[in-house]
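> Quick one: the structure is below, questions incoming.
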Amino acid sequence: MDFLTLLQVLDTTIRLATPLLLACLAGLFSERAGIFDIGLEGKMLASAFLTAAVAAVTGSVLVGTVAGIGAALMLAGIHGLASITFRGNQLISGVAINFLAAGLTVVVAQSWFGQGGRTPQLSGNARFETIDLPLAAEMRDIPIFGPIYAELISGHTLLVYVGLLMVPLTWWVLFRTRFGLRLRAVGENPAAVDTAGVSVVGLRFAAVAICGVLTGLAGAYLSTGLQAGFVKDMTAGRGYIALAALIFAKWRPWYALGACLLFGFLQAIALRPDVIEGTLGFEVGVQLLDALPYILTVVILAGFVGRAIPPRAGGEPYVKER
Amino acid sequence: MQKMPQWADVVLIPLISLILAALLSALVILAIGENPWAALKLMVDGSMGSTYAWGYTLYYATNFIFTGLAVAIAIHARLFNIGGEGQAMLGGLGVALIALYIPWPHWTLALLGGAVGAALFGAAWALIPAWLQARRGSHIVITTIMFNFIAAALLNYLLIGALKPSGSMEPATGRFPESTHLPTFQDMFSTAETALFRGAPVNVSFFVALLACVAVWALIWRTRLGYEIRAFGQSESAAKYAGISPTRIIVVTMLMSGGLAGMMAINNVMGEAERLVLNAVEGAGFIGIAVALMGRSHPFGVLLAALLFGFLYQGGAELALWTSIPRELIVVIQALVILFTGALDHMVRAPLEAIFLRLRPAPKPARKTEPAE
């Protein structure tokens, strides 16, 4: 594998890792607050659809993204209602949300655009445009560093940089602010937070809402950044890979970045079987690469390689009086 | 203390949830500019209007009985098996291997062999998540989700590689030999004059599914193991004090759950397709979740809920055929059923409980306390 091919693969890695990263950080907020969320997939899908649909109608990707975030927030609201207010089973609620999104997006897309459950192709202002960082063209000729800067770091869409910036931001919010401390506490021991006079319900709803916004961004990136328009089931299990990455990262922001880049890299090299064969000298089945994130997560979950311990109060509704 | 009579819990709550789901679905249909009443009539006609329609409804119901029972039996041990999809895929692999590589003299033996193979493969796919939950504490929901994806990748790999007949372009196995053909309802019930169930895929595995319902009922409520499973599901610590091994219960329950999900393959792979195709399960593993929740984890409830979803599935296919409503409407209805019967259970339950508490006759005539005058 020569240098340029490597850069191409890594470039694809960053683009494919972005939706995973945004969804993974979304799950991080929710699960750190004690609300399990296997509905990441559904929220991404709903946002991907509404972003593309509104962008196609209005011609503005920003308006579309706001609408997409709104769709994800609605589903997050349902999840919060079911799992916080009515103290239902969070896992079942997540499953329901995934199906709700999978069904509604196609039904609505069909009646809205009549193109077999997809939105029209987006172009121009209806998509996120790539951003060339300053001096990218000038620095291209510098050996090694130039191409890395020009090819790999520069030339992505806005949401890629937003996703990358979300990592330190998430770390800062969770570990350096009072809100973050309380949010983590509510995922470990809600009774203690309640005793301190802080609203458990409020904190958990806030976490679920942040989760909605971030999955909304992830979905918007899928249909307007990575691809040009919505197609049926376009998340293709990314919500679950994000969930796997979250466990792989043991619910920590910087590790989440690493896990998402790793899983993104697996997806990126799956697209280039020639590169794998050239590097390793033998063929690796695409299916193995597809399954690898899940296999790695099971291995991590099994606790043979560094045990993953979830937030202690995760998945349990909080009941004030017993 | 019980807040409401048993019948309200068993009948009323699922019914109200179903009505809520139906109302919201009707709103969706209205919103996309179709008539919900006409849609319902079309669905009823298309799924129950003829023996052909019934043949499809019952065929789908057979799948959902197996996957519904699989989820239900796990719920009794308070395990949420979301991996029915992957287990059913592996069941299909088991059936395919047994049908393709063993020469069966008669369909009865093939059915038996296929059922055993399907159950074994399905159970094996549930074994690792079960063991990880029991011994390492990894959450079974997450591991079974992961195993769904691993199963999909595995079948993908096998169907474009080792199992594909040479020269074929399609990702599927070759046709199963004639001796493994299961009699369909058409073979069984048609007479020379009247052809019933013509061309419908419902076959003898429907009766196997009914047997499975009875077997699960007997197991849960009439055996020592069933008692242990329920005790474990009610309270893990109490079960431990009673000498019940959590590891054993988790592993055994999940093996049975995976086996039941796998057995779905005798219907869709052996009975209908007669070869293993890519994505043969078509989401039936997930519908099992809705079926089990709706059926209150009781085999008879599962049977009724499976019939309901069979009706929705076949009716939905008819809708997609004759109107502009896409098939995915069924997925919406399924999601709403899961939401109301599973996650929003308290929302439905709380007001009902309040009503029943108010209606309850006072246990003793309340002593009148006269205000001092």
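Chains as they are written, first to last, in the working numbering: chain A, 800 to 1121; chain B, 202 to 574.
A virtual CB, placed ideally from N, CA and C, is assigned to each residue, including glycine.
Which residues of chain B have a Cβ atom closer than 9 Å to the Cβ of V1122 (chain A), listed in chain order?
The question about residue 1122 (chain A) has no answer, for chain A in this structure spans 800 to 1121.
> Less than 8 Å between the CB atoms is what I'm expecting for L844 (chain A) and G826 (chain A), so what's the real figure, rounded?
Not quite, the Cβ-Cβ distance comes to about 15 Å (not below 8 Å), so this is no contact.
> Suppose the cutoff is 8 Å on Cβ atoms and the five residues either side in sequence are ignored; what does the same chain contact list for L333 (chain B) look like?
S339, I341 and T344
> Write down every uninterrupted run of the beta strand (DSSP E) in the stretch 381–410 of chain B whose length is 3 residues or greater and which is fully enclosed by it, in chain order.
none
> What would DSSP say about A832 (chain A), mapped onto helix, strand or coil?
coil
> When the Cα of F912 (chain A) is compared with those of A:F1029, A:G887 and A:K1119, which residue comes out closest?
A:F1029
> For chain B, is any of its Cβ atoms less than 8 Å away from the one on V888 (chain A)?
It is Asn, not Val, that sits at residue 888 (chain A) in the sequence shown. Output row for N888 (chain A): interface = yes.
> Nearest chain A C-beta to Q535 (chain B) closer than 8 Å, yes or no?
yes
> Using a Cβ-Cβ cut-off of less than 8 Å, list which residues of the stretch 515–532 of chain B approach chain A; keep chain order.
S525, I526, P527, E529, L530, I531 and V532
> In this structure, how does DSSP classify I1040 (chain A) when only helix, strand and coil are distinguished?
The answer is helix: DSSP assigns I1040 (chain A) an H, G or I state.
> To which residues of the same chain is I534 (chain B) closer than 7 Å at the C-beta, ignoring the five residues directly before and after it?
A222, S226 and L513
> Grab the span of the alpha helix (DSSP H) containing G265 (chain B) for me, first residue to last.
The sequence as given places Phe at residue 265 (chain B); Gly does not occur at that position. Where F265 (chain B) is concerned, the enclosing alpha helix (DSSP H) stretches over T252 to H277.
> Over the uninterrupted alpha helix (DSSP H) stretch that includes D546 (chain B), give me the two end residues.
D546 to L560
> Taking 8 Å as the threshold (C-beta atoms), are G284 (chain B) and A327 (chain B) in contact?
yes
> Suppose you measure from the CA of P206 (chain B) to the CA of P552 (chain B); what does that come to, to the nearest Å?
14 Å
> If the cut-off is 8 Å on Cβ atoms, which residues from the stretch 461–487 of chain B count as contacting chain A, listed in chain order?
F487
> What does DSSP give as the partner residue(s) for A373 (chain B) in the beta ladder?
Its beta-bridge partners are B:V478.
> Please name the residue or residues paired with I467 (chain B) in a DSSP beta bridge.
Paired residues: none, contrary to the question.
> For a test of the three-state rule: what should DSSP assign to T850 (chain A), helix, strand or coil?
helix
> Let me check understanding here. Comparing Cα to Cα, which of A:A1058, A:I883 and A:M1033 lies closest to S846 (chain A)?
A:M1033
> Count the CB pairs spanning the stretch 1035–1049 of chain A and the stretch 822–836 of chain A that are closer than 8 Å, and state whether there are at least three.
yes
> For H878 (chain A), name the three-state secondary structure that DSSP assigns.
helix
> Does the distance from the CB of A466 (chain B) to the CB of G247 (chain B) come in under 8 Å?
no
> Taking buried to mean at least 16 other C-beta atoms within 10 Å of its own C-beta, is Q920 (chain A) buried or exposed?
With fewer than 16 Cβ atoms within 10 Å of its Cβ, Q920 (chain A) is classed as exposed.
> Would L951 (chain A) and D801 (chain A) be called neighbours here (beta carbons separated by less than 8 Å)?
no
> Does the stretch 845–863 of chain A touch the stretch 904–911 of chain A, meaning 3 or more C-beta pairs lie closer than 8 Å?
At 8 Å Cβ cutoff, the stretches touch.
> Quick one: Cα of S380 (chain B) to Cα of A311 (chain B), how far?
Between the alpha carbons of S380 (chain B) and A311 (chain B) lies a gap of roughly 8 Å.
> What runs of the alpha helix (DSSP H), each 4 residues or longer, lie entirely inside the stretch 891–954 of chain A?
935–938
> Only counting the same chain, and skipping five residues up and downstream in sequence, which positions put a Cβ closer than 6 Å to that of V966 (chain A)?
P1052 and L1056
> Roughly how many angstroms lie between the CA atoms of A254 (chain B) and T385 (chain B), to the nearest whole one?
14 Å
> Kindly indicate the opening and closing residues of the alpha helix (DSSP H) around K441 (chain B).
E437 to Y442
> If I measure Cβ to Cβ from G1011 (chain A) and keep anything under 6 Å in the same chain, skipping five residues before and after, which residues do I get?
A871, L872 and A875
> Just to confirm before moving on: does the CB-CB distance between V959 (chain A) and I813 (chain A) stay below 8 Å?
yes
> Do the stretch 295–309 of chain B and the stretch 462–481 of chain B make contact, defined as three or more Cβ pairs closer than 8 Å?
yes
> Helix, strand or coil for T956 (chain A) per DSSP?
strand
> Once you ignore the five residues that flank W305 (chain B) on each side, which residues in its own chain have a CB closer than 8 Å to its CB?
Excluding sequence neighbours, W305 (chain B) sits near A311, G314, P378, S380 and T381.
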